[in-house]
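Read in order, the letters of the sequence shown are residues -17 to -1, 1 to 33 in mature numbering (1 follows the signal peptide of the UniProt record, and there is no 0).
Glycine included, C-beta positions come from ideal geometry on N, C-alpha and C.
Nothing here was measured: the structure is a model prediction, and the numbers come from that model.
One structure is given here, and the rest of the page talks about it.
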Amino acid sequence: MLKTFCTIVFLASIIEGKVPRTDVTVSGISAGGSMAAQLHIAFSSEISGC
């Protein structure tokens, strides 16, 4: 439930423009790391980091 709440808060702040898109980072380990790499490649103009 906490994960869902955090996701809703994050998406709401992006939509309202409170978080600059260049300040978004994605990270993870194991399968999460693979997902982070795929997201970074797919959305490299909107997500910071490697």
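Between Met18 and Cys(-12), the alpha-carbon positions lie close to 18 Å from each other. DSSP places Phe(-8) in the uninterrupted alpha helix (DSSP H) bounded by Leu(-16) to Ile(-3).
Per DSSP, Ser13 is not a residue of any alpha helix (DSSP H), being assigned neither H nor E.
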